[in-house]
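Participant: Residue numbers (this note's numbering), protein chains in the order written: chain A, 8 to 396; chain B, 7 to 122; chain C, 62 to 400.
Glycine included, each C-beta is placed from N, C-alpha and C at the ideal position.
Please see the structure below; I have some questions.
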Amino acid sequence: MPLKQAITGAEAVAYAMKQINPDVVAAYPITPQTPVVEYFAKYVADGVVDTEMIPVESEHSAMSAVVGAAASGARAFTATASVGLALMHEVVFIAASLRLPIVMAVANRALSGPINIHCDHSDAMAERDSGWIQLWAENAQEAYDFTVMAYRIAEHKDVRLPVMVNFDGFIISHGVEVVETLDDELIKNFVGKQEKIYPLLDTSNPVTYGSIDMYDYYFEHKRQQVEAMKHVPRVFKEIAEEFAKISGRKYDLVDEYMLDDAEYVMIALGSTAGTIKHTINELRKEGKKVGLLKPWMFRPFSKAEYQRLLTGRKAVVVLDRSASFGAEAPLYQSVKSTIYEVASKPQMGSYVYGLGGRDIAPHHIRQAFEDAFSGNLIVDEERYLGLRE
Amino acid sequence: MAELKGWKDIPIGGLVVEPGSAKKYQTGTWRVLRPIFQSENCINCMFCWLYCPDQSIVVELVDGKPKMKGFDYYSCKGCGLCANVCPKNIDPKTKQPVADEKKAIIMKPETDFVEE
Amino acid sequence: MPLSAIDLAKQFYDKNPGITPGHRLCPGCAAPTIVKIALMTAIANGYEPVVALATGCLEVSTTIYPYSAWNVPYIHNAFENVSATISGVETAFKAAKKRGEIPADKKLAFFAFGGDGGTYDIGLQSLSGAVERGHKFIYIVYDNEGYMNTGNQRSGSTPTGSDTTTAPVGKKMSGKVQLKKNIVEIMAAHENVYVATVALTDTFDFMKKIEKALAFDGPSFIAAHSACVRFWRVADDQAVETSKLAVETLYWPLYEVERGVYRVTKKIKDPKPVSEYIKSQGRFSAMLKRPDAQEIIDELQQYVTARYERLLALEEATKDKPVRGPWSKKDVQTDEHAM
Numbered sequence: 008m009p010l011k012q013a014i015t016g017a018e019a020v021a022y023a024m025k026q027i028n029p030d031v032v033a034a035y036p037i038t039p040q041t042p043v044v045e046y047f048a049k050y051v052a053d054g055v056v057d058t059e060m061i062p063v064e065s066e067h068s069a070m071s072a073v074v075g076a077a078a079s080g081a082r083a084f085t086a087t088a089s090v091g092l093a094l095m096h097e098v099v100f101i102a103a104s105l106r107l108p109i110v111m112a113v114a115n116r117a118l119s120g121p122i123n124i125h126c127d128h129s130d131a132m133a134e135r136d137s138g139w140i141q142l143w144a145e146n147a148q149e150a151y152d153f154t155v156m157a158y159r160i161a162e163h164k165d166v167r168l169p170v171m172v173n174f175d176g177f178i179i180s181h182g183v184e185v186v187e188t189l190d191d192e193l194i195k196n197f198v199g200k201q202e203k204i205y206p207l208l209d210t211s212n213p214v215t216y217g218s219i220d221m222y223d224y225y226f227e228h229k230r231q232q233v234e235a236m237k238h239v240p241r242v243f244k245e246i247a248e249e250f251a252k253i254s255g256r257k258y259d260l261v262d263e264y265m266l267d268d269a270e271y272v273m274i275a276l277g278s279t280a281g282t283i284k285h286t287i288n289e290l291r292k293e294g295k296k297v298g299l300l301k302p303w304m305f306r307p308f309s310k311a312e313y314q315r316l317l318t319g320r321k322a323v324v325v326l327d328r329s330a331s332f333g334a335e336a337p338l339y340q341s342v343k344s345t346i347y348e349v350a351s352k353p354q355m356g357s358y359v360y361g362l363g364g365r366d367i368a369p370h371h372i373r374q375a376f377e378d379a380f381s382g383n384l385i386v387d388e389e390r391y392l393g394l395r396e
Numbered sequence: 007m008a009e010l011k012g013w014k015d016i017p018i019g020g021l022v023v024e025p026g027s028a029k030k031y032q033t034g035t036w037r038v039l040r041p042i043f044q045s046e047n048c049i050n051c052m053f054c055w056l057y058c059p060d061q062s063i064v065v066e067l068v069d070g071k072p073k074m075k076g077f078d079y080y081s082c083k084g085c086g087l088c089a090n091v092c093p094k095n096i097d098p099k100t101k102q103p104v105a106d107e108k109k110a111i112i113m114k115p116e117t118d119f120v121e122e
Numbered sequence: 062m063p064l065s066a067i068d069l070a071k072q073f074y075d076k077n078p079g080i081t082p083g084h085r086l087c088p089g090c091a092a093p094t095i096v097k098i099a100l101m102t103a104i105a106n107g108y109e110p111v112v113a114l115a116t117g118c119l120e121v122s123t124t125i126y127p128y129s130a131w132n133v134p135y136i137h138n139a140f141e142n143v144s145a146t147i148s149g150v151e152t153a154f155k156a157a158k159k160r161g162e163i164p165a166d167k168k169l170a171f172f173a174f175g176g177d178g179g180t181y182d183i184g185l186q187s188l189s190g191a192v193e194r195g196h197k198f199i200y201i202v203y204d205n206e207g208y209m210n211t212g213n214q215r216s217g218s219t220p221t222g223s224d225t226t227t228a229p230v231g232k233k234m235s236g237k238v239q240l241k242k243n244i245v246e247i248m249a250a251h252e253n254v255y256v257a258t259v260a261l262t263d264t265f266d267f268m269k270k271i272e273k274a275l276a277f278d279g280p281s282f283i284a285a286h287s288a289c290v291r292f293w294r295v296a297d298d299q300a301v302e303t304s305k306l307a308v309e310t311l312y313w314p315l316y317e318v319e320r321g322v323y324r325v326t327k328k329i330k331d332p333k334p335v336s337e338y339i340k341s342q343g344r345f346s347a348m349l350k351r352p353d354a355q356e357i358i359d360e361l362q363q364y365v366t367a368r369y370e371r372l373l374a375l376e377e378a379t380k381d382k383p384v385r386g387p388w389s390k391k392d393v394q395t396d397e398h399a400m
């Protein structure tokens, strides 16, 4: 029977991992990811899972160790945030390039400097071209569900890519919510056993991992990664379908809220979507045709989906919780480039908000919508919500 | 270099799934000096075999004992370490190199072997 | 007991023990022989080797795609993380054994190889962490005393007076002015570790130490003198000669430290002057032309003599006095498969 629990997002992720019972977890503590590792370490200490845990001496080693473990055929997990993810950066690319189905939970937090421990998306955005699949949770429930689904996507034979489950630091990681968890047995069956591909520990078929790949083959291997990413939307949909059968919760590449007849569409990642939904409810009462498109998956970025959903709208407002200094904010950039090919182009506006954990309130969201209603959007102008001038 | 393959025809991840495939790669062309085996002087101590960085010493078992047979010139890079560690190349009393005809391994310039 | 060269040849004459020919290391490089001896010892003792490499000469030269000179499981991850990588591999092995996916009696020997750059410098944190955690692996540094893969740059292992491209001998500077970092003592300062130095000149001593490392209930660290004939500016056939001189001049003392107990495994009665070692290699020749050359040599001589005397004193002082006994099965993290 599904169980309703009042838990934090961090505990929800750890709980999913408990049910998955991975072979190896290697992690290093960093705020606000720490409780994920703490909860899991307790499961290990209590013998609730029989996972081997490696308490590494840095995030760089955490990612390095899970690369070693995953290459060996183990189901491996790590979690991090912010500068911890940045410290892993080099190996994050290697994990994807070696085609290892690692799962990593990221409690999104601002990158230094100055040092800041609160939520924004600059950590994950810095890894957007690393070759990882990026899933983005709005709340603890989604963080749990994505963690459960992640290995199925990563290990799929047409994919074989690592998955990053993003959930906003503190807001989701430390906020207590009601999360509906599924039975252990159900999760175990859903996740199933990994079909191992070229496991390093198969000594009768010795494999060389991490060869030096020059101009004669490196490009071909990158092309294979491009191809694997192309399979992800289809595979994700298949697995989401299966997951819906056991959970009743239906996921897709994007979450659509009041979108069908919406003339004004807002796009945002993560927990802010909750605040946007609340604001949309209010605006709808006032007769405004507003809606939300929330990417559940940011990498790969499913162009066709956005084109289908955005063509013919009056305006599209994109909210980014990270900046791309000297260029357009990452989510806006991605959405805007898809609009190039749609038949009927909406007006577009870019809003950066919430850097370093700055609060985003319904009135900020309303302000961005108001700009759209009055036609006051400039496609090449970046605006800021909640910033003091 | 073998024929280059397209991206659909190679394993993912840059993995090399054929163990020891480097054996196909000829490093013997690098050689400047060529080791020459003078079997009559060899005591089959296997020092050359033990130290050879390229595993280019050809050994066979004769009556259960390993016998030095010569060199695999496909891989031998001609470093001369085999000749250097060969105990027969040094006079045990004077610690000086012995005359070439008494050595078990001598190094000769590759140019000596170029066919006209 | 290590096997003689003849007995090893009997067993391996028609096999490539882990590493095969066709690698593209320089002619006369010491590194592949170090690998071969270590892996042969493991295989002769009934282990199947699993190898991890740090970025470096050995790594790039043995795995140029689509070729690999490894016929055993091999993984290279990055430069600074070979120890963390092998931690993950070794832990996956433990997990697979625990879950019955790999037979309980399967004997794997986990080797990590790194150059001095990947060990003394950029990989030190990863190495220290993995040893502290007690993973069962054997780390071997093939110490060629500089960043040779990238063309002879100074590392923490480069000796005083050596001419490198980033600490060159100039009109004002005498090349590297600092002493070589004492990595052996750093590693020996970890608890529950077996640490040793080896040199190609004494393969029996080398194999004995590998056997000890294989049997040791915890991580091991082996520092191997590894001549870079290219940048040490010696002839291609000098890798073994150079290591012999290194040992005979006390430049590279052969010893081991097992849980704090020191043992000098090769006593040198009448050491040759260290200047013999220095003068045999072209990497010191620019320094030797300087007016302060004698001073530099004298300082080095004093250092190697004092270090050797200290080692003998430590051997005496620590005899039968391990800092601690073997870890109890209860508190060791990686004890489930004695290697």
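Would you kindly work out how many angstroms separate the C-alpha atoms of TYR224/A and TYR126/C, rounded to a whole number?
Facilitator: 7 angstroms
Participant: I'd like to know if PRO25/B contacts chain A, where contact means its C-beta is closer than 8 angstroms to some C-beta of that chain.
Facilitator: yes
Participant: With a cut-off of 8 angstroms on the beta carbons, I'd call PRO88/C and ASP297/C a contact; round off their distance for me.
Facilitator: 5 angstroms
Participant: Mapping DSSP to helix, strand and coil, what is GLN394/C?
Facilitator: In this prediction, GLN394/C has a pLDDT of 47, which is less than 50 and means its spatial position is unreliable; what the coordinates show is noted afterwards. When DSSP states are grouped into helix, strand and coil, GLN394/C belongs to the coil group.
Participant: Report yes if the C-beta distance between LEU39/B and GLU116/B is below 8 angstroms; otherwise report no.
Facilitator: yes
Participant: Hey, would you say ALA269/A sits closer than 8 angstroms to VAL233/A, going by beta carbons?
Facilitator: no
Participant: Quick check on the burial criterion: 16 or more other C-beta atoms within 10 angstroms. Buried or exposed for SER389/C?
Facilitator: At SER389/C, the pLDDT of 49 sits below 50, so the modelled position is not reliable and the matter cannot be decided from this model.
Participant: With ARG241/A as the anchor, note down where its alpha helix (DSSP H) starts and where it stops.
Facilitator: 225-254
Participant: Of all the options SER357/A, ARG82/A and PHE100/A, which has the alpha carbon lying nearest to the alpha carbon of PRO108/A?
Facilitator: ARG82/A
Participant: Is the stretch 65-79 of chain C in contact with the stretch 55-66 of chain B, if contact means three or more CB pairs nearer than 8 angstroms?
Facilitator: yes
Participant: Taking Cβ positions only, does LEU57/B come closer than 8 angstroms to chain C?
Facilitator: In the sequence as presented, Leu is not what sits at residue 57/B; that position holds Tyr. Yes, because at least one Cβ of chain C sits closer than 8 angstroms to the Cβ of TYR57/B.
Participant: Quick check on TYR224/A - is its C-beta less than 8 angstroms from some C-beta in chain C?
Facilitator: yes
Participant: Enumerate in chain order the residues of its own chain whose CB-to-CB distance from TYR50/A is below 6 angstroms, with the five nearest sequence positions on each side excluded.
Facilitator: LYS25 and VAL56
Participant: Please report the straight-line C-alpha distance between ASP396/C and PHE47/A, rounded to a whole angstrom.
Facilitator: Residue placement at ASP396/C is poorly supported in this model, since its pLDDT is 43, which falls under 50; the coordinates still yield a value, given next. Computed Cα separation, rounded: 22 angstroms.
Participant: Given this structure, state the Cα-to-Cα distance separating PRO206/A from ALA157/C, to the nearest angstrom.
Facilitator: Cα to Cα, PRO206/A sits roughly 11 angstroms from ALA157/C.
Participant: Quick check on TYR264/A: does DSSP put it in helix, strand or coil?
Facilitator: strand
Participant: Three or more beta-carbon pairs under 8 angstroms between the stretch 95-103 of chain A and the stretch 285-305 of chain A, yes or no?
Facilitator: no
Participant: Residues of chain B with a CB under 8 angstroms from the CB of TYR128/C: which are they?
Facilitator: Going along chain B in sequence order, the residues near TYR128/C (Cβ under 8 angstroms) are VAL22, SER27, ALA28, LYS30 and TYR31.
Participant: Name the DSSP beta bridge partners of HIS137/C, please?
Facilitator: LEU114/C
Participant: Along chain A, in chain order, which residues have C-beta atoms closer than 7 angstroms to that of ILE18/B?
Facilitator: Listed along the chain, the chain A residues whose CB falls inside 7 angstroms of the CB of ILE18/B are ARG106, ARG167 and GLN231.
Participant: What are the start and end residues of the alpha helix (DSSP H) that includes ASN196/A?
Facilitator: 191-198
Participant: Closest to LEU142/A by CA distance: which of ALA336/A, TYR258/A and GLY120/A is it?
Facilitator: TYR258/A
Participant: Find out if the Cβ-Cβ distance for the pair ILE80/C, ALA130/C is shorter than 8 angstroms.
Facilitator: Here ILE80/C is near ALA130/C, since their CB atoms are less than 8 angstroms apart.
Participant: Applying the criterion that 16 or more other CB atoms from any shown protein chain within 10 Å of the CB defines a buried residue, is GLN231/A buried or exposed?
Facilitator: buried
Participant: Measuring alpha carbon to alpha carbon, tell me which of THR100/B, VAL104/B and GLY76/B ends up nearest GLN44/B.
Facilitator: GLY76/B
Participant: Taking buried to mean at least 16 other C-beta atoms within 10 Å of its own C-beta, is LYS391/C buried or exposed?
Facilitator: Because the pLDDT at LYS391/C is just 47, under 50, the model does not fix this residue reliably, and the value given afterwards should be weighed accordingly. The residue is exposed, with fewer than 16 neighbouring Cβ atoms inside 10 Å.
Participant: Strictly under 8 angstroms for the Cβ-Cβ distance: is LEU92/A near chain C by that measure?
Facilitator: no
Participant: Looking at the structure shown, is GLY361/A part of a helix, part of a strand, or coil, going by DSSP?
Facilitator: coil
Participant: When the Cα atoms are used, what is the spatial distance from GLN394/C to ARG194/C?
Facilitator: Caution is warranted here: a pLDDT of 47 is assigned to GLN394/C, below 50, making its placement in the model unreliable, and no coordinate value can be reported.
Participant: List the residues of chain C whose Cβ lies closer than 8 angstroms to the Cβ of SER62/B, in chain order.
Facilitator: PRO82
Participant: Where does the unbroken alpha helix (DSSP H) through ASN288/A begin, and where does it stop?
Facilitator: 279-292
Participant: What residues in the stretch 96-112 of chain B bring their beta carbon closer than 8 angstroms to a beta carbon of chain D?
Facilitator: Looking for chain D here will not work: the only protein chains present are A, B and C.
Participant: Closer than 8 angstroms by C-beta to LEU193/A: which residues in its own chain qualify, once you throw out the five before and the five after it? Chain order, please.
Facilitator: Cβ neighbours of LEU193/A beyond the five flanking positions: ILE253.
Participant: Quick check on LYS426/C: buried or exposed, where buried means 16 or more other Cβ atoms within 10 Å of its Cβ?
Facilitator: Examination of residue 426/C is not possible in this model, given that chain C is present from 62 through 400 alone.
Participant: Residues of chain A with CB closer than 7 angstroms to the CB of GLY12/B, please, in chain order.
Facilitator: GLU227
Participant: With 16 other CB atoms within 10 Å as the buried threshold, where does ALA399/C fall?
Facilitator: Residue confidence for ALA399/C is low, a pLDDT of 41 falling below 50, so the modelled location carries little weight and cannot support an answer.
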